[in-house]
Amino acid sequence: AVNVAYCLAKMGLSVTLFTVADKIGTPILHTIFSKFGASVNLLIKNGKHGSTTSFEFHDNEESYANVMISDVGDNRNFGPEMINLPSDLDIINSAKGIVLTNWGSNLKGTDLAYHLFTNSPKAFHFLDPADIETRKEEFRDTLKKLSHSIDVLSINENECTSLLKACNLESQLSLDLNDIENVKKAVKALSSEFGLKIDLHARIGAAWSDGKDVLFVNSFYTVPKKLTGSGDCWDAADLVAYFVGLDTTERLLFSNAYASLYVGRREFEPPTIAEAVDFVQAHYQ
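Residue numbers (this note's numbering): 32 to 316.
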């Protein structure tokens, strides 16, 4: 959530971040977001913040992987009671978009999603669950309960594979998501299964489906300088594209460009909107 909020702020959006941190993490967050001034509102509950260590392995330009070790802290039980003050509910009710991330590591994620989405009937509801492998059947059931209140489900190829297995679709569809047709079939099948729109961001590209139609846009070729954080960048760009009304192809293209720019740089600073637009104009034909 912190990474998505930072990217959104970097692209000029006004953001309220609900999270948890202790006496060390709280001033760090305030320092990190201070450059954005009043456009970012940090609402931090006292508790143990999450932390992640990422190991990245690069054999050559075509072979790379990362291993992430996380302590989710008190995010493990971040439920509706954490966002329940009258002032919190006013913020949620007036928001243009509500973004819920990391359902997979939050045991109260389903309750939190219901709380947020029902208290923001006019907002755009965006859900990125993160790693759901150990709770895939529970997440499947959650989607069936909340599909009517979710505008977009954003997943990567690993989460897509987990959902396909949870829905017993792996016997009908290939789990090799390094093939464009397989990606398109998978996202369309899941969208139809749950009755909601799905955005899938994968190594080879991004796909969207509403269960009837499906569209795929190739990734930009980039030699990655880092492997961690690209999904958060992609989500943020996807949200911005929804808010400004880009069509599906433009939206996936912009999101791919934004994530590609990020992984192609050594520094952990996301690009601006202008940089992403320039990148598309220079590399898209």
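We put the beta carbon where it would ideally sit given N, CA and C, even for glycine.
Close-in-space but distant-in-sequence residues of the same chain around residue i (CB under 6 Å, 5 per side omitted)
i: HIS314; result: PHE251
i: LEU39; result: VAL46, ALA267
i: THR173; result: THR141
i: LEU231; result: ILE186, CYS191, VAL218, ALA238
i: ASN133; result: ALA161
i: ILE211; result: PHE247
i: GLY236; result: PHE247, VAL248, ASN249, SER250
i: THR84; result: ILE100
Residue i versus residue j - alpha carbon distance
i: GLU201; j: ALA238; result: 18 Å
i: ASP309; j: PRO301; result: 14 Å
i: SER185; j: ASP121; result: 26 Å
i: ASN189; j: SER136; result: 15 Å
i: ILE129; j: ASN72; result: 14 Å
i: SER193; j: GLU298; result: 31 Å
i: ILE229; j: ASP241; result: 7 Å
i: ASP244; j: LEU284; result: 17 Å
i: PRO117; j: THR259; result: 36 Å
i: MET360; j: THR303; result: Because the chain spans 32 through 316 in this model, residue 360 falls outside it and cannot be assessed.
i: SER65; j: VAL271; result: 21 Å
i: ASP207; j: ASN199; result: 16 Å
i: TRP265; j: ARG282; result: 10 Å
i: THR62; j: GLY56; result: 10 Å
i: ILE163; j: ALA233; result: 16 Å
i: GLN203; j: LYS216; result: 10 Å
C-beta contact flag for residue i and residue j at 8 Å
i: ASN187; j: GLY68; result: no
i: THR253; j: SER222; result: no
i: VAL257; j: VAL311; result: Note that residue 257 corresponds to Lys in the displayed sequence, not to Val. The answer is no: Cβ separation not under 8 Å.
i: LEU147; j: ARG107; result: no
i: PHE49; j: ILE114; result: yes
i: ASP119; j: PHE157; result: no
i: PHE86; j: ASN97; result: yes
i: ALA197; j: GLU168; result: yes
i: PHE225; j: LYS176; result: no
Residue-level contact to chain D via CB, residue i, 8 Å cutoff
i: LYS127; result: Absence of chain D from the displayed structure is noted, only one protein chain being present.
Residues near residue i by beta carbon distance below 8 Å, same chain, minus five either side
i: ASP53; result: ASN77, GLY78, LYS79, HIS80
i: THR149; result: SER180
i: LEU103; result: Checking the sequence shown, residue 103 turns out to be Val, not Leu. The residues are GLY81, ASN133, SER136, ASN137.
i: ALA307; result: ALA268, PHE285, ALA288, TYR289, LEU292
Unbroken beta strand (DSSP E) run spanning residue i, endpoints
i: ASN72; result: 71–77
i: GLY236; result: 236–240
Contacts around residue i, its chain only, beta-carbon distance under 7 Å, and the 5 residues preceding and following it disregarded
i: LYS127; result: ALA154, PHE155, PHE274
i: SER205; result: ASN213
Span of the alpha helix (DSSP H) around residue i
i: GLY56; result: 56–64
i: PHE170; result: 167–177
i: PHE251; result: No alpha helix (DSSP H) holds PHE251; DSSP gives it neither H nor E.
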